[in-house]
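Notes follow the structure.
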Amino acid sequence: MSVVDHNAIELSPRISEANVADYIALLKPRVMSLVIFTALVGLVIAPGHFHPVLAFTSILCIAVGAGASGALNMWYESDIDAKMSRTANRPIPRGRITRPEALAFGMTLAFFSVMTLGILVNWLAGALLAFTIFFYVVIYTIALKRWTAQNIVIGGAAGALPPVVAWAAAAGSLSMEPLLLFLIIFFWTPPHFWALALFRSDDYARAGVPMLPVVAGPDATRLQILIYTVVLVAVAFAPWPLGYFDAVYGVTSLVLGGAMLALAVNVYRRRQGSDALRATRKLFAFSIFYLFALFATLLIEVVAHAIAPSIW
Amino acid sequence: MADKQEPDGIVLTEAQKKSRRERSIAIALALGVLVVLFFAVTIVKGPAVLVRPL
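Okay, here's the thing in structure tokens:
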């Protein structure tokens, strides 16, 4: 007697009902929008003239590469996504897209984004984009996320690379400015994600993800948020005195940094009840605005300088 | 003898047909964008399209 119940084997192939919206959801459009924005800043502040068609191609490839990373992340993390309320509605846990479909989709996009950027723009940018995707999927998603509470600290490098890729696309080389943009996003990532993890720690604990609040507790996380915010504010301010960015950026960085630091102190001090939750949510929301405003200032500086060089 | 024949193979539901059509259009558009992109960059770069600095 066979131990396999042949009647249980489904002979007909599975027919997908996934629509375009499901595949767009695989690309993590909200993350992608921040990637596009930071890459745009890296592209605009790079020296020299860059043809608009090549600029568009670069941004498109970086965006698609980010989408590929998102799809491959969802392919690998579908088991923990299903356990977390924040991610349970993603296409794979909902049964709209299968894991192999997501893997094929992600790999295809990754291949085309890297090759297109390499062939049409330059291979330094293409190689950096390939490294970014590799770092996010293999180093962060597969190796670090389920293993260490430092997952988002090290993994944050992947999210910090898009302006570097964009700079490389425009300039064909690397210098100090894209490294400064990299450091700003790198040190911004821990306070941003740990603020989220503080009010989603039950979710992460249920899924078995060793986020800092789950492993070290909320108080240790609050201290780490404060330390990283101090470093972030200093790193974000440094380009002005070092002479890389203008005074408008320096003052904006100082004002925004002061607000960010005040909110981090608030999170550190308020540890109980609804006050603590409110403080954490405020920091999380402001951190998004902080990064957006900081990079927008750089963008405005460049645009204003191009429009009215004598005034600016 | 009845003339009516049973349909062979897999019969897609309306929802499956609709989503497949959507996906097909999206793939066609993506390929179209890729073709236009390569054409545009070739025009922009001219002979320099073959020069790819590292």
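In order, the protein sequence lines correspond to chains A and B.
First residue of the first sequence? That's 1413 in my numbering, and the numbers climb one at a time after it.
First residue of the second sequence? That's 355 in my numbering, and the numbers climb one at a time after it.
Using N, Cα and C, we set each Cβ at its ideal position, and we do this for glycine too.
Buried versus exposed, by CB contacts within 10 Å (16 or more), residue i
| i | result |
| --- | --- |
| methionine 1623 of chain A | buried |
| glutamine 1636 of chain A | buried |
| asparagine 1563 of chain A | buried |
| serine 1414 of chain A | Caution applies to serine 1414 of chain A, whose pLDDT of 46 falls short of 50 and renders its modelled position unreliable; the value that the coordinates give is listed next. Exposed, by the Cβ-count rule. |
| serine 1665 of chain A | buried |
| proline 1505 of chain A | buried |
| threonine 1501 of chain A | A small fix is needed here, since residue 1501 of chain A is asparagine in this sequence, not threonine. Exposed, because fewer than 16 other Cβ atoms sit within 10 Å of the Cβ of asparagine 1501 of chain A. |
| glutamate 1589 of chain A | buried |
| alanine 1720 of chain A | exposed |
| tyrosine 1435 of chain A | buried |
| proline 401 of chain B | exposed |
| arginine 1683 of chain A | exposed |
| phenylalanine 1599 of chain A | buried |
| isoleucine 1471 of chain A | buried |
| tryptophan 1606 of chain A | buried |
The alpha helix (DSSP H) enclosing residue i, as first and last residue numbers
| i | result |
| --- | --- |
| serine 1490 of chain A | 1490–1495 |
| lysine 1694 of chain A | 1685–1719 |
| leucine 1452 of chain A | 1441–1457 |
| glycine 1670 of chain A | 1659–1681 |
| tyrosine 1616 of chain A | 1613–1619 |
| glutamate 376 of chain B | 368–399 |
Interface partners of residue i on chain A, CB under 8 Å
| i | result |
| --- | --- |
| alanine 369 of chain B | Glu1429 |
| glutamine 398 of chain B | The amino acid occupying residue 398 of chain B in the given sequence is valine; glutamine does not appear at that position. Those within 8 Å of valine 398 of chain B in chain A are His1463, Val1465, Leu1466. |
| leucine 366 of chain B | Ile1427 |
| alanine 380 of chain B | Val1432, Tyr1435 |
Under 8 Å between C-beta atoms of residue i and residue j
| i | j | result |
| --- | --- | --- |
| leucine 1515 of chain A | leucine 1529 of chain A | no |
| phenylalanine 1611 of chain A | arginine 1693 of chain A | yes |
| leucine 1438 of chain A | methionine 1486 of chain A | yes |
| alanine 1537 of chain A | alanine 1581 of chain A | yes |
| lysine 1440 of chain A | glycine 1482 of chain A | yes |
| leucine 1608 of chain A | phenylalanine 1696 of chain A | yes |
| valine 1549 of chain A | leucine 1484 of chain A | yes |
Closer than 7 Å at the beta carbon, the chain B residues around residue i
| i | result |
| --- | --- |
| threonine 1469 of chain A | Leu391, Val395 |
Where residue i meets chain B, residues with beta-carbon distance less than 9 Å
| i | result |
| --- | --- |
| valine 1456 of chain A | In chain order: nothing, as chain B lies at least about 19 Å away. |
Within chain A, partners of residue i - CB distance below 9 Å
| i | result |
| --- | --- |
| alanine 402 of chain B | Neighbours of alanine 402 of chain B on chain A: none; closest Cβ ~11 Å, over 9 Å. |
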